[in-house]
């Protein structure tokens, strides 16, 4: 992502300066940039047991602060590890915002070739998301700009979806895509709000020895509609594994319909060049669109 005038220059030297001034006990550890730091933050490996994350832009600061507050609460009720915050840094050394140090979790992103059995993996992923839904959400943060409205209404992205449908005319089945989108807009989550991850994708799920190891990057977490967390059903799973994922989550058809809507919107705006992403799913938006459309027709039979 190109550096804009509103983004500070972030490198290993800055991290070392911040550590020396605020956390001198860790200042002698190696600081190594991570290529998979994410879209919202720049990440650095700190020694063998920690990772440092610094927001790229002011818009991402609230998400990092939210992780610092809520990750310890969520971790006690989840069946797989999530990051543990160790220290929140303050602005300094020319860097204008808070930054976070977390415990390092071993594992690789959940690329298909790293997963031993996709159906078993789908069941484990479904178990994780189900456990999130069962956590007390009474005081959790509502969806909003801080998490790009994940867990909120798809209507926030209707104009983008309509723009993408026009741009993709002749490249995808726009009639079917429009039908999926309109059906998704027509329903809402009618139960009490539940905890959602908000960016539950291949890049934020870690595997080790072919199995689910941990889930990371909760910057888009909130309490709301779980439909936005279903994208793996079409970006990663298919056939038996998709059915296993569906069964593990036990959600109603309308929620799955909104899940198709969320997934379709994201794939369409990438395919149309309206938005970009460094995620695995962004490398194959047309395949994802086709998968969503085909699954929609199967669900309608």
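Residue numbers (the numbering used here): 121 to 421.
No residue lacks a Cβ here, since even glycine has one placed at the ideal position from N, Cα and C.
May I have the straight-line CA-CA distance separating residue 268 from residue 213, to the nearest angstrom? One C-alpha to the other measures close to 29 Å.
Give me the Cβ distance between residue 250 and residue 369, rounded to the nearest whole Å; I'm assuming they're in contact under 8 Å. So it is a contact: roughly 6 Å between Cβ atoms.
Taking the beta strand (DSSP E) that residue 324 falls in, what are its first and last residues? For residue 324, no beta strand (DSSP E) run applies, since DSSP gives it neither H nor E.
Same chain, Cβ closer than 6 Å to residue 238, neighbours up to 5 away in sequence not counted: Cβ within range, chain order: 361.
Candidates 223, 364, 202: which alpha carbon is nearest residue 146's? That would be 223, whose Cα lies nearest to the Cα of residue 146.
With distances taken between CB atoms, is the gap from residue 410 to residue 378 smaller than 9 Å? Result no, Cβ atoms of residue 410 and residue 378 do not sit closer than 9 Å.
So, residue 173 versus residue 162, is the Cβ gap smaller than 9 Å? One thing to note: residue 173 has its Cβ within 9 Å of the Cβ of residue 162.
Start and end residues, alpha helix (DSSP H) containing residue 243: Counting along the chain, the alpha helix (DSSP H) containing residue 243 begins and ends at 238–253.
What are the boundary residues of the beta strand (DSSP E) that includes residue 173? Taken as a continuous stretch (DSSP letters only), the beta strand (DSSP E) holding residue 173 covers 170–175.
Could you check where the beta strand (DSSP E) with residue 363 kicks off and where it finishes? Under the DSSP assignment, residue 363 falls outside any beta strand (DSSP E), being part of the alpha helix (DSSP H) whose first and last residues are 359–369.
Is the distance from the Cβ of residue 262 to the Cβ of residue 341 below 9 Å? Cβ atoms of residue 262 and residue 341: not closer than 9 Å.
Based on Cα-Cα distance, which residue from 192, 252, 297, 312 lies nearest to residue 406? Looking at 192, 252, 297, 312, the one whose alpha-carbon comes closest to that of residue 406 is 297.
Along the chain, where does the alpha helix (DSSP H) containing residue 414 start, and where does it finish? Run containing residue 414: 405–420, per the alpha helix (DSSP H) assignment.
Taking DSSP as the reference, what is the three-state secondary structure of residue 268? Coil at residue 268, not helix or strand.
Cα-Cα separation between residue 387 and residue 408, rounded to whole angstroms: Rounded to the nearest angstrom, the two C-alpha atoms are 6 Å apart.
Identify whether residue 331 lies in helix, strand or coil by the three-state DSSP scheme. Strand at residue 331.
Please list the terminal residues of the continuous beta strand (DSSP E) segment that includes residue 142. That residue, residue 142, is in no beta strand (DSSP E); its alpha helix (DSSP H) goes 132–142.
How is the beta strand (DSSP E) around residue 208 delimited, first residue to last? Segment 205–209, the beta strand (DSSP E) holding residue 208.
Considering just the uninterrupted stretch of the beta strand (DSSP E) at residue 316, what are its terminal residues? Under the DSSP assignment, residue 316 falls in the beta strand (DSSP E) whose first and last residues are 314–316.
Cβ neighbour criterion (16 or more within 10 Å) applied to residue 295: Around the beta carbon of residue 295, fewer than 16 other beta carbons sit within 10 angstroms, so the residue counts as exposed.
Inter-residue spacing [alpha-carbon to alpha-carbon] between residue 209 and residue 235: Roughly 36 Å separates the two Cα atoms.
As assigned by DSSP and simplified to three states, the class of residue 282: Helix at residue 282.
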